[in-house]
């Protein structure tokens, strides 16, 4: 199935939890925040939240910044 | 120095610094140390899925001593800023946000209408909101009325290093504010930070002035001292400015006559 992951098409073998997706991507869940279809998913609910076909998933983390970034986090 | 209190939290430094533009994480950490900062801002961005195993910025910030303030830098609408703030809360497990809604790419001036809207939304959701805005006393008052925990007027455009462009506005903002005033952006060198504090600002936030200096660690130390000096001078109460001299030595008992009389 296909989802949108950080603005790009991404193929997954089937519906899976956010916890599993992070594991597949080798991302430490403690360092990121995840949004599914524009709703923030609490860390405690990663295991039970299933990603459905066509879902828009955003995985974000903290990066260095002061107030001088001109690039939007939501590149359209 | 007297502590800075924002919302329910105490900070033992009045210098807030950014985490961007450093040549390395190690250099950033050393600069934070030299600045003696108790609060740093971080941006929220999409994870680069192709750069696996990249080290996290957070590994270079001692969170036992430094409070993490997520920002919404780069957001151009109230919606995007609110969305970013919510993600920042989840990533950092803190409900504080340095709220930025940019209205113009070239000046990075805020869109104050959208900023006010986003402030209202986030305050309702329980966030401690610190909005970056212009040095406009009316906008600052409206943000405070909307529930902002502090106001963060710019001294000059972000990253410009121009220093405090409108000292009078800052004084007016400070006079009317019931929340802390943090001068955010525009500082170029130590004297700019000292001036902001002498005018009565409760704190100064900067990134480029330190990260972009030839020696960021040395500049961080200079900024620390400037902020402290400015704060002390403000608390000490400066003398009024006057057009003519006022002798500081006695004018009587001179061994020679004083100034000649002009005819």
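Protein chains in written order, with my numbering: chain A, 651 to 726; chain Z, 13 to 275.
For each residue, glycine too, the CB sits at the ideal point set by N, CA and C.
The model shown is predicted, which means the values in this text are computed figures rather than measured ones.
Report yes or no: is there a C-beta of chain A within less than 9 Å of the C-beta of residue i?
| i | result |
| --- | --- |
| residue 83(Z) | yes |
| residue 102(Z) | yes |
| residue 181(Z) | no |
| residue 75(Z) | no |
| residue 219(Z) | yes |
| residue 30(Z) | yes |
| residue 33(Z) | yes |
| residue 55(Z) | yes |
| residue 59(Z) | yes |
| residue 280(Z) | Any question about residue 280(Z) goes unanswered here, given that chain Z covers just 13 to 275. |
| residue 106(Z) | no |
| residue 236(Z) | no |
| residue 26(Z) | no |
| residue 127(Z) | no |
| residue 174(Z) | no |
| residue 153(Z) | no |
| residue 80(Z) | yes |
| residue 70(Z) | yes |
| residue 95(Z) | yes |
With DSSP as the reference, identify every bridge partner of residue i, one or two as the case may be.
| i | result |
| --- | --- |
| residue 714(A) | 54(Z) |
| residue 165(Z) | 145(Z) |
| residue 218(Z) | 29(Z) |
| residue 706(A) | 654(A) |
| residue 685(A) | 690(A), 708(A) |
| residue 666(A) | 701(A) |
| residue 16(Z) | 23(Z) |
| residue 659(A) | 654(A) |
Can you have a look at residue i and say buried or exposed, based on whether 16 or more other CB atoms are within 10 angstroms of its CB?
| i | result |
| --- | --- |
| residue 182(Z) | buried |
| residue 270(Z) | exposed |
| residue 220(Z) | buried |
| residue 186(Z) | buried |
| residue 266(Z) | exposed |
| residue 13(Z) | exposed |
| residue 710(A) | buried |
| residue 9(Z) | Not covered by the structure: residue 9(Z). The range shown for chain Z is 13 to 275. |
| residue 251(Z) | exposed |
| residue 103(Z) | buried |
| residue 111(Z) | buried |
| residue 227(Z) | exposed |
| residue 96(Z) | buried |
| residue 260(Z) | exposed |
| residue 657(A) | exposed |
| residue 17(Z) | exposed |
| residue 26(Z) | buried |
| residue 171(Z) | buried |
| residue 704(A) | exposed |
| residue 137(Z) | exposed |
| residue 257(Z) | exposed |
| residue 248(Z) | exposed |
| residue 101(Z) | buried |
| residue 263(Z) | exposed |
Step through the CB atoms of chain Z and report whether any lies within less than 9 Å of the CB of residue i.
| i | result |
| --- | --- |
| residue 685(A) | yes |
| residue 675(A) | yes |
| residue 661(A) | no |
| residue 720(A) | Confidence is the limiting factor: at residue 720(A) the pLDDT is only 44, short of 50, which leaves the residue's position unreliable, though a coordinate-based value still follows. So, interface residue. |
| residue 655(A) | yes |
Distance cutoff 9 Å, beta carbons only. Does residue i sit that close to anything in chain C?
| i | result |
| --- | --- |
| residue 688(A) | The question asks about chain C, but that chain is absent: this structure's protein chains are A and Z. |
- Query: What are the start and end residues of each continuous alpha helix (DSSP H) run of 4 or more residues lying completely inside the region 79 to 159 of chain Z, in chain order?
  - Reply: 90 to 104, 124 to 136, 149 to 157
- Task: Name, going along the chain, the residues of the region 694 to 714 of chain A whose beta-carbon falls closer than 7 Å to a beta-carbon of chain Z.
- Result: 708, 709, 710, 711, 712, 713, 714
- Output, in sequence order along the chain, the residues in the region 39 to 52 of chain Z whose CB is closer than 8 Å to any CB in chain A. 40
- Counting only runs that start and end within the region 164 to 214 of chain Z, where is the beta strand (DSSP E) found for 3 or more residues in a row? 194 to 196
- Item | alpha helix (DSSP H) segments (min. 4 residues) lying fully within the region 216 to 263 of chain Z | 220 to 223, 228 to 248
- Message: Give me the subset of the region 136 to 148 of chain Z whose CB atoms are less than 9 Å from a CB atom of chain A, sorted by chain position.
- Response: 144
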